[in-house]
Every structure is written in C-alpha cells, then in structure tokens.
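2 protein chains.
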Amino acid sequence: MPSPTFLALPADRRDRLVREAITEFSERPYAEASLSQIAQRAQIAKGSIYQYFDDKLDLYRWLLTDEAPRHKRAFLGTPDPAGDFWAGFETMIERGMAFLVEHPRLARLTAAAADPSATPDVRGLHKAICEAGIDELRAQLARGVATGAIAHPDLDLDIATRLVAAIIGPGLTDVVLQELGASLHEVLASDTLRKRLGPARRRRLAHQAVLLIQGGLGAARRPLRRKART
Amino acid sequence: MPSPTFLALPADRRDRLVREAITEFSERPYAEASLSQIAQRAQIAKGSIYQYFDDKLDLYRWLLTDEAPRHKRAFLGTPDPAGDFWAGFETMIERGMAFLVEHPRLARLTAAAADPSATPDVRGLHKAICEAGIDELRAQLARGVATGAIAHPDLDLDIATRLVAAIIGPGLTDVVLQELGASLHEVLASDTLRKRLGPARRRRLAHQAVLLIQGGLGAARRPLRRKART
DNA sequence: TAGTCATATGACCGCCCGGTCACATTGGCA
DNA sequence: TGCCAATGTGACCGGGCGGTCATATGACTA
Chain Z
305 MPSPTFLALP
315 ADRRDRLVRE
325 AITEFSERPY
335 AEASLSQIAQ
345 RAQIAKGSIY
355 QYFDDKLDLY
365 RWLLTDEAPR
375 HKRAFLGTPD
385 PAGDFWAGFE
395 TMIERGMAFL
405 VEHPRLARLT
415 AAAADPSATP
425 DVRGLHKAIC
435 EAGIDELRAQ
445 LARGVATGAI
455 AHPDLDLDIA
465 TRLVAAIIGP
475 GLTDVVLQEL
485 GASLHEVLAS
495 DTLRKRLGPA
505 RRRRLAHQAV
515 LLIQGGLGAA
525 RRPLRRKART
Chain W
305 MPSPTFLALP
315 ADRRDRLVRE
325 AITEFSERPY
335 AEASLSQIAQ
345 RAQIAKGSIY
355 QYFDDKLDLY
365 RWLLTDEAPR
375 HKRAFLGTPD
385 PAGDFWAGFE
395 TMIERGMAFL
405 VEHPRLARLT
415 AAAADPSATP
425 DVRGLHKAIC
435 EAGIDELRAQ
445 LARGVATGAI
455 AHPDLDLDIA
465 TRLVAAIIGP
475 GLTDVVLQEL
485 GASLHEVLAS
495 DTLRKRLGPA
505 RRRRLAHQAV
515 LLIQGGLGAA
525 RRPLRRKART
C-alpha cells in the first residue's frame with residue numbers, strides 16, 4: 305500500500321508517477337515492466353518510488369486494485385436497476401466497450417488480470433480481480449433469474465456466470481480487435497483506431513453478444529422479435 | 305526453426321531438452337522463462353541450445369507451433385464428421401478437457417496463447433495460434449449451419465465463432481479451475497487434482513457449455529428434451 | 001540566521017539473463 | 001590407427017533489472 309508520503313504528494317508529481325506507471329504496466333507484462341523506466345519517464349528518482357511503495361508488486365497492486373477500479377466505477381456509474389433486464393445487460397456491455405475507448409490504458413491494465421501466465425504473486429492479484437468481477441456478474445444474472453428474464457433449469461448459475469464472463473470479456477475483446485483489424489496494443493496507442501469503435505458499432509456488438517447469451521439464457525424462446533411475457 | 309543437428313539428435317537427449325523446455329515455458333511467462341534453467345535441468349550445455357535453435361524465441365515458437373500441435377492432433381484424432389452436430393460438438397469440448405488432464409503442460413503452453421500481455425514478437429506468435437484455432441472452429445460452425453443444426457439469421461458467424469471460442473476456451477477453463485478449487489498451475493502440478501476432472505465431470509461441463517451455446521445458436525428452440533428435426 | 005528533519009536523489013550493488021566463443025570431445029572414414 | 005569436421009561445453013560478456021543507502025535539499029522552527 306502507498307505510504308502517507310505518497311498520498312500527500314503534490315498533485316502533479318503524483319499524477320506524473322501514476323500516469324507513467326499505468327502506461328508502463330499496460331504496455332509490458334509485469335515481469336518486463338521496469339521501475340527504472342517509470343522513474344525516468346516520470347522524472348522522479350527511482351529511490352523515491354521506494355518511499356511511496358514497498359516494492360514493484362506493491363505499486364502494481366495499488367494500480368490494479370485501487371486506482372483502476374476507482375476510475376472504472378466513476379466512468380460506469382451506477383447501473384439502473386429498473387427497466388428491461390436484457391436491455392440493461394446490453395447497455396452494461398456497451399459501457400464496458402466505451403471504457404476501452406475512453407481509458408485504453410486502464411482497460412488494458414485490467415485486461416491483464418486474465419493473463420494465466422505470470423508469477424504466483426501476480427496471479428494471486430489477478431485472480432482476486434477476476435473473482436470480484438465474477439461476483440458482480442453473478443449478482444446481476446441472479447437478478448435476471450429473480451425477474452424471470454433468465455430461466456434455464458438445466459444450467460448452473462455459477463457455471464453460466466463464468467461462461468458469460470468469458471463471452472463479454474475475452475470474447476468481445478477478440479471480436480472488437482478483429483473488427484478494428486488491430487492488436488490490443490495498437491488500439492491502445494492509436495486515437496483514430498479507437499474512434500472507429502464508436503457508439504453505433506459498440507451497440508451492434510453488444511447486441512450480438514446479448515443475442516448469443518440471451519438465446520441460451522432467456523425464458524422466452526426467441527423474444528427478440530416478439531415481446532417477452534414479463 | 306530447429307537446425308538439422310537438433311532433428312538428428314539421439315532421442316533421449318532431444319526428449320530431455322523438449323521436456324524441460326515445455327516445463328519451463330509452461331510454468332513461467334515467456335519473459336521469465338530461462339534458457340539457463342532449461343539447459344541445466346536437461347543436463348545440456350547452454351551453448352548447445354544455440355546450435356539447435358536461433359534463440360529463445362525460436363525455441364518457444366517451435367514448441368508452440370510444431371511440438372504442441374503435433375501432440376494435440378495425435379491426441380484428439382480426427383473428429384467424426386457424421387452423426388448429430390451438437391453431440392459431436394460436445395464430444396469435441398470433452399476431448400479438449402481430456403487433453404488438459406493428459407497433457408497438462410502442453411495444454412498450459414497452448415493456453416498461454418491467450419495471454420494479451422507479452423512482448424510484440426511473442427504476441428505475434430500467440431495471435432497466429434489463436435487465429436488457427438478460430439479458423440478451425442469457424443469451419444466447424446459453418447458445417448453446423450450447413451446441416452441446419454445452427455440457424456440464427458441475426459447472428460454473424462465470425463462474431464459467433466469468436467464468442468463461442470471464448471466460451472469453450474477461457475470460459476470453460478475458468479469453470480474447471482473453479483470446480484477443482486485450484487489454479488491452473490496447481491492443476492498442472494498435481495496428478496490427483498487432475499484425476500478429479502474425470503470423464504463424468506468433463507461430460508457434464510461440456511454439456512453445460514453446449515446448453516449455453518446451443519440455446520443461442522440452435523435452429524430448434526429447445527431440442528434437448530424433444531428430438532430436433534435434423 | 002542556524003539548526004532540524006522529512007523527503008528527494010542517483011550512484012551503486014548483486015543478480016541473472018540471453019547470447020558468444022575458444023576449446024574439448026566425439027565418431028566416422030581413410 | 002590417425003585425422004578432421006561436426007558437435008558439445010561452460011566460462012564469460014554486456015546489460016538491465018529490483019532494490020539500497022549515503023548524501024543533498026529545502027521548508028519550517030526558534
């Protein structure tokens with residue numbers, strides 16, 4: 305965890321450090337990310353970083369568990385619990401893609417949590433992040449079950465949650481990159497490339513994902529053309 | 305690519321090197337995997353490795369694009385094109401999980417291809433592997449469309465392929481690890497843990513995945529209880 | 001102004017890496 | 001048997017890393 309010294313830092317100095325750290329950790333796997341580089345680019349002595357954080361992992365952990373989620377929550381806002389479940393679900397997916405467009409480096413940082421490589425301590429971190437996301441999604445799907453929007457007696461909720469998470473996480477990311485004809489890191493680096501992932505395309509892709517998910521989870525057989533009973 | 309010298313190596317020497325290399329690359333991210341370690345554990349001078357492969361990446365590439373796929377193909381065999389599409393699909397998924405049980409290190413090596421971190425050259429490798437898998441899956445789904453087992457006019461085949469790939473790849477892996485209550489690396493290391501992923505459990509999980517996928521892709525609405533029209 | 005102390009600094013340390021190369025070993029052929 | 005080309009070897013290199021620490025700095029007190 306960051307020291308009081310870090311928290312009391314002048315804003316521009318702290319921001320410089322945070323910005324460069326996020327950039328470094330979003331562009332390289334943890335093992336290759338370099339504190340020396342971060343310090344140099346942020347124009348802060350390397351030794352200072354060790355006054356703010358215990359070590360490399362401590363800095364990474366803080367970025368991943370505090371800084372990134374804070375921005376993500378601020379961006380996503382609180383989802384509207386009222387309204388049609390599937391419409392809300394689609395919106396949530398669209399907002400997730402919007403976050404990728406608006407905060408590519410943070411999105412990339414978070415996406416790294418899916419990385420199964422990595423050293424044990426880093427994996428622990430990643431797993432914690434993933435499980436938090438899974439819990440949130442499960443709660444949301446459970447709400448769908450409660451409202452009757454989801455009804456599939458043979459499908460286990462825990463399993464379904466994880467499969468759906470894979471669809472809207474790595475799955476949709478893959479689709480997006482395919483559509484943009486670029487790699488995650490190219491998208492991360494290019495404003496014009498990200499602009500191509502505009503609201504219309506995001507809605508379309510989110511809808512496609514929901515088509516697949518709902519078709520498998522929806523109580524009504526194919527409620528897309530005709531209204532669901534609810 | 306490996307030199308002729310490597311290909312002509314006495315079997316036990318070559319096998320030692322390959323085995324230790326696979327182990328090393330499956331236990332650590334590429335950046336942290338160490339040729340010195342591989343050489344030491346295989347009891348082969350480090351210099352020799354450079355007579356067999358150009359460099360670290362060359363060895364990794366060969367493992368990923370030649371050695372692993374060869375074993376995987378040998379294990380999976382050729383799928384039976386006749387028979388019910390969805391039953392065949394479920395079998396394919398079950399065989400994939402069986403591969404994880406029987407060849408955990410190879411499976412882990414292949415799974416690393418999903419890693420979005422990594423350095424550009426490694427990402428290039430990974431992407432190639434992924435795209436090959438996607439192509440195969442798309443062909444299979446296209447067959448489903450042709451036979452009428454899949455019919456969803458609003459869903460784009462390319463997109464569906466990638467989403468389905470996410471389900472049966474990272475998604476199912478996540479589910480399996482959750483059920484075993486362990487991490488991928490623990491499963492990799494423990495025979496007894498892997499034995500818990502027996503045929504019955506594999507079939508059940510594969511069926512759950514198909515439930516989700518088919519529900520969204522199947523021409524018949526819910527053909528699980530009543531026969532599909534074929 | 002002189003003294004104090006939290007903080008900033010960057011040269012430095014030990015480590016291990018990927019990769020090289022001069023030399024040792026081997027095995028097949030004359 | 002004697003030779004030589006192919007192959008095996010591991011000490012060695014330059015480099016960058018995470019992390020340390022003696023010292024410099026500068027704000028604030030008395």
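Going line by line, the protein sequences match chains Z and W. Just so you know, we're using this note's numbering here: the first sequence kicks off at 305 and counts up by one. Just so you know, we're using this note's numbering here: the second sequence kicks off at 305 and counts up by one. We treat Cβ as the ideally placed atom computed from N, Cα and C, and that holds for glycine.
| task | Would you mind sorting leucine 311 (chain Z) into buried or exposed? The rule is 16 or more other CB atoms within 10 Å of its CB. | result | exposed
| field | Nearest candidate by alpha-carbon position, reference aspartate 419 (chain Z), set Z:Pro333, Z:Arg506, Z:Asp316 and Z:Leu516 | value | Z:Pro333
| request: Quick one: residues in its chain with C-beta nearer than 8 Å to the C-beta of serine 307 (chain W), no 5 flanking neighbours on either side, listed in chain order? | output: Gln355, Tyr356 and Phe357
| task | Note down, one range per segment and in chain order, each alpha helix (DSSP H) of at least 4 residues found wholly within the region 449-512 of chain W. | result | 461-470, 476-484, 488-493 and 495-499
| message | Restricting to Cα atoms, I'd like to know which of Z:Gly381, Z:Arg320, Z:His456 and Z:Ala335 is closest to isoleucine 353 (chain Z). | response | Isoleucine 353 (chain Z) has its Cα closest to that of Z:Arg320, out of Z:Gly381, Z:Arg320, Z:His456 and Z:Ala335.
| field | Residue environment, glycine 520 (chain Z), which counts as buried when at least 16 other CB atoms sit within 10 Å | value | Bear in mind that the predicted position of glycine 520 (chain Z) carries a pLDDT of just 47, short of 50, making it too unreliable to give a figure here.
| query | Under the three-state reduction of DSSP, which class applies to glutamine 344 (chain Z): helix, strand or coil? | reply | helix
| query | Just the Cα atoms here: how many angstroms apart are threonine 369 (chain Z) and alanine 411 (chain Z)? | reply | 13 Å
| said: Less than 6 Å between C-beta atoms, sequence neighbours within five positions excluded: which residues of the same chain meet that for alanine 346 (chain Z)? | reply: Arg320, Leu321 and Glu324
| C-beta atoms of phenylalanine 329 (chain Z) and leucine 404 (chain Z) nearer than 9 Å | Cβ distance not < 9 Å, so phenylalanine 329 (chain Z) and leucine 404 (chain Z) don't count as in contact.
| request: Rank W:Leu445, W:Ala417, W:Gly502 and W:Asp359 by C-alpha distance to the C-alpha of alanine 372 (chain W) and give the top, closest one. | output: W:Ala417
| task | May I ask you to list, following chain order, the residues of the region 378-412 of chain Z that have a beta carbon less than 9 Å from some beta carbon of chain W? | result | Arg412
| request: Give a yes or no on whether 9 Å exceeds the smallest Cβ distance from alanine 453 (chain Z) to chain W. | output: Contact of alanine 453 (chain Z) with chain W is not assigned, every C-beta pair being separated by 9 Å or more.
| How many Å lie between serine 351 (chain Z) and aspartate 362 (chain Z) at the Cα? | In the sequence on display, residue 351 (chain Z) carries glycine and not serine. About 15 Å.
| task | On a CA-only basis, which of W:Ala337, W:Ile348, W:Ser340 and W:Leu339 is nearest aspartate 316 (chain W)? Give me that one, please. | result | W:Ile348
| message | Does the region 456-474 of chain Z come into contact with the region 377-391 of chain Z, if we say contact requires no fewer than three beta-carbon pairs (one atom in each stretch) closer than 8 Å? | response | no
| query | For leucine 501 (chain W), which option in W:Leu467, W:Leu488, W:Leu484 and W:Lys431 has the closest C-alpha, if you only look at C-alpha atoms? | reply | W:Leu484
| request: Could you tell me whether any Cβ in chain W is nearer than 9 Å to the Cβ of valine 479 (chain Z)? | output: yes
| message | According to DSSP, simplified to helix, strand and coil, what is methionine 305 (chain W)? | response | coil
| DSSP state of histidine 407 (chain W) mapped onto helix, strand, coil | coil
| message | Is there a C-beta anywhere in chain Z that falls below 9 Å from the one on tyrosine 354 (chain W)? | response | At least 9 Å separates the CB of tyrosine 354 (chain W) from every CB of chain Z.
| message | On the CB-based measure, 16 or more other CB atoms within 10 Å of its CB, does alanine 470 (chain W) come out buried or exposed? | response | Per the 10 Å Cβ criterion, buried.
| Would leucine 492 (chain W) pass as a contact of threonine 477 (chain W) if the rule is Cβ separation under 9 Å? | Leucine 492 (chain W) places its beta carbon 9 Å or farther from that of threonine 477 (chain W).
| query | glutamate 490 (chain W): which of W:Ile517, W:Arg505, W:Arg409 and W:Ala446 sits nearest, CA to CA? | reply | W:Arg409
| message | Let me confirm a value: proline 424 (chain W) is counted as buried when at least 16 other C-beta atoms fall within 10 Å, else exposed. Which label applies? | response | exposed
| request: Look at glutamate 440 (chain Z) and arginine 506 (chain Z) and say whether their C-beta atoms are less than 9 Å apart. | output: no
| message | Quick check on serine 421 (chain W): buried or exposed, where buried means 16 or more other Cβ atoms within 10 Å of its Cβ? | response | buried
| field | alanine 335 (chain Z) vs alanine 335 (chain W) beta-carbon contact at 9 Å | value | yes
| Are arginine 537 (chain W) and leucine 429 (chain W) touching if we call contact CB-CB under 9 Å? | Nothing in the structure corresponds to residue 537 (chain W), since chain W is present only between 305 and 534.
| message | Suppose you measure from the CA of phenylalanine 389 (chain W) to the CA of threonine 451 (chain W); what does that come to, to the nearest Å? | response | Looking at the backbone, the Cα of phenylalanine 389 (chain W) and that of threonine 451 (chain W) are separated by about 8 Å.
| message | With H, G and I counted as helix, E and B as strand and the rest as coil, what does DSSP make of threonine 369 (chain W)? | response | Here threonine 369 (chain W) sits in helix by DSSP.
| query | Tell me which same chain residues have a C-beta within less than 7 Å of the C-beta of threonine 327 (chain Z), skipping the five on either side of it? | reply | Arg409
| query | Among Z:Leu516, Z:Ala510 and Z:Ala391, which residue has its Cα nearest to the Cα of alanine 402 (chain Z)? | reply | Z:Ala510
| Separation of serine 338 (chain Z) from threonine 395 (chain W), as counted between CA atoms | 45 Å
| message | Just to confirm before moving on: does the CB-CB distance between aspartate 462 (chain Z) and arginine 442 (chain Z) stay below 9 Å? | response | With respect to the 9 Å criterion, aspartate 462 (chain Z) and arginine 442 (chain Z) are classified as neighbours on the basis of their beta carbons.
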